[in-house]
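The sequence shown begins at 17 in the numbering used here and counts up by one. Beneath this line is the structure, given in structure tokens, with notes to follow.
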Amino acid sequence: MVPKLDVRRANAEKKYAGDLSFSFEAEADLLEIPLVSFSSPVQAQLHYEILEDDSVEISGTLSFRLKGACSRCLKETESEISGEAEGYFVPDGSGSDGSDYSYQNGVIELGEFLRDSVAFLLPARLVCSETCVAPPYKED
Ligand SMILES: [Zn+2]
Numbered sequence: 017m018v019p020k021l022d023v024r025r026a027n028a029e030k031k032y033a034g035d036l037s038f039s040f041e042a043e044a045d046l047l048e049i050p051l052v053s054f055s056s057p058v059q060a061q062l063h064y065e066i067l068e069d070d071s072v073e074i075s076g077t078l079s080f081r082l083k084g085a086c087s088r089c090l091k092e093t094e095s096e097i098s099g100e101a102e103g104y105f106v107p108d109g110s111g112s113d114g115s116d117y118s119y120q121n122g123v124i125e126l127g128e129f130l131r132d133s134v135a136f137l138l139p140a141r142l143v144c145s146e147t148c149v150a151p152p153y154k155e156d
């Protein structure tokens, strides 16, 4: 389940920073590698910080597993992917430069941010071993 971050309540309780740890099912249509699918939920370990102007910085790591046919030799394989996620959220109406996320009514919905972050971490292909990782130009 993807939690929401209730900025208004966090401010009222003076919890200006904290951690969010949860897992969620990634959307299958994010994956564009043939014959490959998500074989685990995405684990998220995020830290948030609410700044004075109510903008919020969220950063942390995401990890998940992919399973399917090696993009090179078609052998069945599985791979652990993990990487950084970072987002900057501004309250609706306070203006943004386009790369930020906005949130309404004092509550941050993490869905779009998580979707973008997972998409960013996805490899262009899945490979089964070092041999298959080697780029073609290294082969004589
Ligand atoms: Zn392979």
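C-beta atoms are modelled at their ideal positions from N, C-alpha and C, and glycine is treated no differently.
Candidates the options: which alpha carbon is nearest residue i's?
{"i": "V134", "options": "P50, E43, F105 and E125", "result": "E43"}
{"i": "L90", "options": "Y119, A60, L46 and L142", "result": "L142"}
{"i": "L21", "options": "V123, D132 and V149", "result": "V123"}
Cα separation between residue i and residue j?
{"i": "E146", "j": "E128", "result": "34 Å"}
{"i": "D35", "j": "S71", "result": "16 Å"}
{"i": "N121", "j": "G103", "result": "18 Å"}
{"i": "S37", "j": "V18", "result": "9 Å"}
{"i": "F105", "j": "I49", "result": "30 Å"}
{"i": "F80", "j": "D45", "result": "15 Å"}
Consider the C-beta atom of residue i and the heavy atoms of ligand 1; say whether any pair is separated by less than 7 Å.
{"i": "K30", "result": "no"}
{"i": "K91", "result": "yes"}
{"i": "S75", "result": "no"}
{"i": "V143", "result": "yes"}
{"i": "R88", "result": "yes"}
Taking buried to mean at least 16 other C-beta atoms within 10 Å of its own C-beta, is residue i buried or exposed?
{"i": "A33", "result": "exposed"}
{"i": "L137", "result": "buried"}
{"i": "A140", "result": "exposed"}
{"i": "A101", "result": "buried"}
{"i": "T28", "result": "The sequence given here places Ala at residue 28; Thr does not occur at that position. Burial call: exposed."}
{"i": "V149", "result": "exposed"}
Using a Cβ distance threshold of 8 Å, determine whether the region 89 to 97 contacts the region 65 to 73, with at least three qualifying pairs required. no
For the region 47 to 54 against the region 79 to 86, do three or more pairs of beta-carbon atoms, one drawn from each stretch, fall closer than 8 Å, so that the two count as touching? yes
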